[in-house]
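Peer 1:
Numbering (this note's numbering), first residue to last: 3 to 162.
1. Mind the definition here: the segment 91-104 touches the segment 71-78 only if three or more C-beta pairs lie below 8 Å; say whether that holds.
2. Measure how close the beta-carbons of residue 77 and residue 31 come, nearest whole angstrom, since I'm counting them as under 8 Å.
3. By DSSP, does residue 117 sit in helix, in strand, or in coil?
4. Could you compute how far the alpha carbon of residue 137 sits from the alpha carbon of residue 130?
5. According to DSSP, is residue 154 part of a helix, a strand, or is it coil?
6. State buried or exposed for residue 82, treating a residue as buried only when at least 16 other CB atoms are found within 10 Å of its CB.
7. Locate the alpha helix (DSSP H) running through residue 93, then write down its first and last residues.
8. Around the Cβ of residue 18, are there at least 16 other Cβ atoms within 10 angstroms (buried) or fewer (exposed)?
9. Is residue 113 near residue 79, with beta carbons less than 8 Å apart?
10. What does the Cβ neighbour count give for residue 155, buried or exposed, with the cut at 16 atoms within 10 Å?
11. Have a look at residue 98 and residue 52 and give me their C-alpha separation to the nearest angstrom.
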């Protein structure tokens, strides 16, 4: 099949079975972390937000992972696997040369990209998986502004 659904229930508590909100915007890193903190899982994220569980954001999870927090790393790894499954579906369908991972989650670095690659290699067909490159976005928060500037330059100067 071209789409490989998730075979675990880990994300079901976010919105319900099959709901992909955790794989849109920030991969649901904050929602996953908040749920696990609520369940009493030990983590430095609680200290980073001074005990205010609602203050946990994607950036807090990533910061904690880089500081050695095991729970934060597990949350990012799981999200990376889920993202990798979705990317594998895109690779199977469109056979892209490059998939760029952005939106802030790329700041997680190898904690995210290694599980993404494991999932792509497992769920994508062998040939397209061997040809695609999954890379972190390099433009960061300036991507939208740079894209708009490029569009204006193309529209005004190139096509004039």
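Idealized CB from N, CA, C, for every residue including glycine. Model, not experiment: these values are computed from the prediction.
Peer 2: According to the structure shown:
1. Judged by Cβ distances under 8 Å, the segment 91-104 makes no contact with the segment 71-78, as fewer than three pairs qualify.
2. As a first step, residue 77 must be located in the chain shown, where it is residue number 75. As a first step, residue 31 must be located in the chain shown, where it is residue number 29. Contact flag correct, Cβ pair sits at about 6 Å.
3. Position 115 of the chain shown holds residue 117. Helix.
4. Reading the chain shown from its first residue, position 135 is the one you call residue 137. Reading the chain shown from its first residue, position 128 is the one you call residue 130. Residue 137 and residue 130: Cα-Cα distance of roughly 16 Å.
5. Sequence index remark: in the chain shown, residue 154 carries index 152 (1-based). Of the three classes helix, strand and coil, the one that applies to residue 154 here is helix, per DSSP.
6. Counted from its first residue, the chain shown places residue 82 at position 80. Buried.
7. Numbered from its first residue, the chain shown carries residue 93 at position 91. Segment 72-96, the alpha helix (DSSP H) holding residue 93.
8. Here residue 18 is taken as the residue at index 16 of the chain shown, counted from 1. With a pLDDT of only 47 at residue 18, under the threshold of 50, the placement of this residue in the model should not be trusted; the figure read from the coordinates follows. Classification for residue 18: exposed.
9. By one-based count along the chain shown, residue 113 stands at place 111. By one-based count along the chain shown, residue 79 stands at place 77. In contact: residue 113 and residue 79 (Cβ atoms closer than 8 Å).
10. Walking along the chain shown from the start, residue 155 turns up at place 153. By the Cβ-count criterion, residue 155 is exposed, with fewer than 16 other Cβ atoms from all chains shown falling within 10 Å of its own Cβ.
11. Taking the chain shown and counting its residues from 1, the one referred to as residue 98 is at position 96. Taking the chain shown and counting its residues from 1, the one referred to as residue 52 is at position 50. So the alpha carbons of these two residues sit roughly 43 Å apart.
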